[in-house]
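Have a look at the structure below before the remarks.
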Amino acid sequence: MKKVMALLMTLFLCFGILQTTAKAAGAGSVLKLGVNDTLTEIEAVSVKDTYYVPLRALSAELKWTITGLQEGIAVAAGDHSVQLLNNDGGLQLPDGTVAAMSTFLQDGKLMVPLRISTYLGYSLTFQPDKYLLRVRDAAALLSDEEYFVQYKDKLKPQAASGTASAGTSEAKGRTLYLTFDDGPSATTSELLGILDKYDAKATFFMLGLNMNRYPSQVKQIVKAGYGLGLHGMTHRKEEFYASPAAALAEMAGDNAVLKKISGAETSLIRPPYGSKPYFTQAFRDKVLTQGYHLWDWNVDSEDWKYKEDSGKIYASVMSQVHKLQKSQTNPVILMHDQKATLKVLPRLLETFKKEGYSFAIITKDIKPLNFWKDER
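Rendered as structure tokens:
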């Protein structure tokens with residue numbers, strides 16, 4: 449108990465110093481992070497008086513191991529380990545204690561408070577007057593003063609561009625989520641080529657039967673790092689919605705196919721035809737309590753309706769996206785992995801880029817958007 453209290457006191461003091469540093473540098477400022485004796489390219493972003501860094505970049509620099517779990521993300525460094533719980537549930541320590549810790553997504557990266565390093569055996573140095581922000585362990589040879597002398601010309605705050613706020617997913621209204629249902633298909637590779645050409649990220653809600661039919665396309669999607677979602681096995685209303693147990697069985701079967709083909713799994717789901725009106729409370733209670741997250745959309749491309757009429761699809765999408773701009777809402781666009789969609793996609797991507805949108809994939813760390821407003 450004394451050790452735990454001492455650790456908490458140390459972390460409290462570090463957190464206070466970190467807030468001072470953030471205030472001194474200015475709201476929304478960015479500092480280059482020092483790791484031991486190196487000034488890295490990792491950008492620490494000030495949000496609400498706290499510095500956040502990309503978890504994956506920090507883990508790579510410090511040789512941490514990160515593992516996705518159903519209930520969160522496990523982070524291990526040597527003999528130390530912690531777990532970031534889903535939905536801003538905090539940081540769980542090995543003894544079961546949960547410390548408050550908010551995260552958010554920025555440009556598709558999970559941003560975590562820098563103080564997470566202190567729970568993994570590292571020390572933090574914050575010198576507000578020198579804009580020095582440094583993570584150290586026993587491998588550091590330079591003292592803080594020596595480190596400052598070596599890098600003082602580079603230790604300057606910069607204005608952050610498009611910084612997201614903690615607790616939100618991406619920059620408000622200017623991050624766009626492309627989603628494709630019903631795949632994979634015979635034209636998935638062509639679709640991926642278009643996305644790659646425009647450096648656009650997307651999330652694929654795939655059918656189990658089609659994954660079995662086009663396994664190489666599944667592997668392409670996974671290898672390229674696109675978002676993964678489940679759309680069930682059959683897409684037959686009378687089978688999928690026969691009962692809550694039937695819906696759960698289809699999603700579990702879909703996930704099993706994905707894992708068998710690619711080794712990957714996902715907790716993101718989109719029921720056939722969207723969640724309303726069929727995916728009722730009874731269905732949601734049966735499926736979502738198993739760790740799945742329900743996603744619908746707020747922009748329907750209607751590519752399923754207009755098929756070959758690219759002009760109507762384009763006009764429909766842009767009209768809906770522009771309406772969302774007024775409320776600074778990030779568009780989640782429903783499209784389909786089909787040949788007809790390929791004709792309109794390049795034109796849409798060109799327009800999105802001209803209008804300043806960035807593309808991101810949906811992850812389990814983002815608050816779900818669905819017609820029922822079920823945030824599980």
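Each number in the numbering used here comes from the position in the sequence shown (counting from 1) with 448 added on. Just so it is clear, CB atoms sit at the ideal spot from N, CA and C, and this is done for glycine as well.
Could you tell me the distance, in whole angstroms, from the CA atom of THR627 to the CA atom of LEU736? Start at 1 with the first residue of the sequence shown, and residue 627 comes out as number 179. Start at 1 with the first residue of the sequence shown, and residue 736 comes out as number 288. One C-alpha to the other measures close to 20 Å.
Report all residues from its chain with a CB closer than 6 Å to the CB of TYR567; omit the five preceding and five following residues, and keep chain order. Along the sequence shown, read from residue 1 onward, the residue named residue 567 stands at position 119. The residues are VAL530.
Does the Cβ of ALA587 have 16 or more other Cβ atoms within 10 Å, making it buried, or fewer, making it exposed? Position 139 of the sequence shown holds residue 587. The residue is exposed, with fewer than 16 neighbouring Cβ atoms inside 10 Å.
Under a Cβ-count criterion, where at least 16 other Cβ atoms within 10 Å of its own Cβ denotes burial, should ASP702 be classed as buried or exposed? The sequence position of residue 702 within the sequence shown is 254, counting from 1. Only buried fits ASP702, as 16 or more other CB atoms lie within 10 angstroms of its CB.
LEU459, DSSP secondary structure in three states: Position 11 of the sequence shown, counted from the start, is the residue given in the question as residue 459. The predicted position of LEU459 is uncertain, since its pLDDT is 44 and thus under 50; no value can be drawn from it.
Would you check if the stretch 803-817 and the stretch 732-746 touch, i.e. whether three or more CB-CB distances between them fall below 8 Å? Three or more beta-carbon pairs separated by less than 8 Å link the stretch 732-746 to the stretch 803-817, which places the two stretches in contact.
When the Cα of ALA672 is compared with those of GLY680, GLU489, LEU639, which residue comes out closest? In the sequence shown, counting from the first residue as 1, residue 672 sits at position 224. If we check each option's Cα against that of ALA672, LEU639 comes out closest.
Member of VAL523, TYR599, GLN554, PHE574 whose CA lies at the smallest distance from the CA of ILE564: Counting from one through the sequence shown, the residue named residue 564 turns up at place 116. Taking the Cα of ILE564 as reference, the smallest distance to any Cα among VAL523, TYR599, GLN554, PHE574 is reached at VAL523.
When you compare the CB positions of THR714 and LEU678, do they come within less than 8 Å of one another, or not? The residue labelled residue 714 in the question sits at position 266 within the sequence shown. The residue labelled residue 678 in the question sits at position 230 within the sequence shown. Cβ atoms of THR714 and LEU678: closer than 8 Å.
By a C-beta neighbour count over all protein chains shown, 10 Å radius and 16 as the cutoff for buried, is ASP785 buried or exposed? Numbered from 1 along the sequence shown, position 337 holds the residue referred to as residue 785. It counts as buried.
For the beta strand (DSSP E) holding LYS600, just list the boundary residues, first then last. Start at 1 with the first residue of the sequence shown, and residue 600 comes out as number 152. Neither: LYS600 is in no beta strand (DSSP E) and is coded neither H nor E.
Do the stretch 588-600 and the stretch 502-517 touch if we need at least three Cβ pairs shorter than 8 Å? Output reads no: the stretch 502-517 does not touch the stretch 588-600.
Compute the Euclidean distance between the alpha carbons of PRO719 and ASP543, then round it to the nearest angstrom. Numbered from 1 along the sequence shown, position 271 holds the residue referred to as residue 719. Numbered from 1 along the sequence shown, position 95 holds the residue referred to as residue 543. PRO719 and ASP543: Cα-Cα distance of roughly 38 Å.
Alpha helix (DSSP H) runs wholly inside the stretch 493-537, at least 4 long, in chain order: Listed in chain order, they are 503-510.
Return the bridge partner residues of GLY675 from the DSSP annotation. As a first step, residue 675 must be located in the sequence shown, where it is residue number 227. Residue pairing for GLY675: DSSP places it in a beta bridge opposite THR651.
Whole angstroms are fine: how far does the CA of GLN668 sit from the CA of LYS471? The residue labelled residue 471 in the question sits at position 23 within the sequence shown. The residue labelled residue 668 in the question sits at position 220 within the sequence shown. With a pLDDT of only 43 at LYS471, under the threshold of 50, the placement of this residue in the model should not be trusted, and no figure is reported.
Going by other Cβ atoms of all chains shown within 10 Å of its Cβ, with 16 needed for buried, is THR636 buried or exposed? Within the sequence shown, numbered from 1, the residue matching residue 636 stands at position 188. That one is buried.
For SER758, which residues from the same chain have a beta carbon less than 6 Å from its beta carbon, with the 5 sequence-adjacent residues on both sides left out? In the sequence shown, counting from the first residue as 1, residue 758 sits at position 310. Contacts found: LYS791, VAL792.
Is PHE574 helix, strand or coil when you go by DSSP? Position 126 of the sequence shown, counted from the start, is the residue given in the question as residue 574. The DSSP-derived three-state label of PHE574 is strand.
Give the single residue among PRO816, GLN768, SER806, SER775 whose Cα lies nearest to the Cα of SER723. For the purposes of this step, residue 723 is taken as the residue at position 275 of the sequence shown. Nearest option by C-alpha distance: PRO816.
DSSP has LYS836 in a bridge; who is on the other side? Examination of residue 836 is not possible in this model, given that the chain is present from 449 through 824 alone.
I'd like to know if the stretch 498-507 and the stretch 551-565 are in contact, where contact means that at least 3 CB-CB pairs between them fall below 8 Å. Yes: at least three Cβ pairs fall under 8 Å.
Quick one, which of GLU756, TYR754, ASN778, LYS774 has its alpha-carbon nearest VAL747's? Mapped onto the sequence shown, residue 747 falls at position 299. Among GLU756, TYR754, ASN778, LYS774, the Cα nearest to that of VAL747 is on ASN778.
Looking at SER806: is its Cβ nearer than 8 Å to the Cβ of THR623? In the sequence shown, counting from the first residue as 1, residue 806 sits at position 358. In the sequence shown, counting from the first residue as 1, residue 623 sits at position 175. By the CB criterion at 8 Å, SER806 and THR623 fall inside the cutoff.
Between GLY711, LYS755, LYS604, which lies nearest to PRO576 when the distance is taken from Cα to Cα? For the purposes of this step, residue 576 is taken as the residue at position 128 of the sequence shown. Ranking the options by Cα distance to PRO576, first place goes to LYS604.
Taking buried to mean at least 16 other C-beta atoms within 10 Å of its own C-beta, is LYS771 buried or exposed? Against the sequence shown, residue 771 aligns to sequence position 323. Taking a 10 Å sphere around the C-beta of LYS771, we find fewer than 16 other C-beta atoms and assign the residue as exposed.
Distance check for GLN598 and TYR847, CA to CA, integer angstroms please. With the chain covering 449 to 824 only, the question about residue 847 has no answer from this structure.
How many angstroms separate the CA atom of ALA712 from the CA atom of ALA650? Position 264 of the sequence shown, counted from the start, is the residue given in the question as residue 712. Position 202 of the sequence shown, counted from the start, is the residue given in the question as residue 650. Roughly 16 Å separates the two Cα atoms.
Closest by CA to LYS801, which one among ALA648, MET659, GLY526? Taking the first residue of the sequence shown as 1, we reach residue 801 at position 353. Minimum Cα-Cα distance from LYS801 among the listed residues ALA648, MET659, GLY526 corresponds to ALA648.
Based on the DSSP output, what are the partners of VAL546 in its beta bridges? As a working mapping, residue 546 is identified with position 98 in the sequence shown. The partner list for VAL546 (beta bridge, DSSP) reads GLN540.
Using the rule of at least 16 other Cβ atoms within 10 Å of the residue's Cβ for burial, across every protein chain shown, is GLU618 buried or exposed? Within the sequence shown, the letter at position 170 stands for residue 618. Residue placement at GLU618 is flagged as unreliable, the pLDDT there being 48, under the threshold of 50; the coordinate-derived value follows with that caveat. It counts as buried.
If I follow the unbroken beta strand (DSSP E) through THR636, where does it start and stop? As a working mapping, residue 636 is identified with position 188 in the sequence shown. Counting along the chain, THR636 sits inside no beta strand (DSSP E); it lies in the alpha helix (DSSP H) bounded by residues 636-645.
For PRO632, count neighbouring C-beta atoms within 10 Å of its own C-beta (all shown protein chains included) and say buried if the count is 16 or more, exposed if not. To locate residue 632, count along the sequence shown from 1; it is residue 184. With at least 16 other beta carbons inside 10 angstroms of its own, PRO632 counts as buried.
Applying the 10 Å Cβ sphere with the 16-neighbour rule, what's the burial state of ARG582? Here the question's residue 582 lines up with position 134 in the sequence shown. Counting Cβ neighbours within 10 Å, ARG582 comes out buried, since at least 16 surround it.
Determine the extent of the beta strand (DSSP E) in which GLN554 is found, giving its start and end residues. Translated into the one-based positions of the sequence shown, residue 554 becomes position 106. First-last of the beta strand (DSSP E) with GLN554: 552-554.
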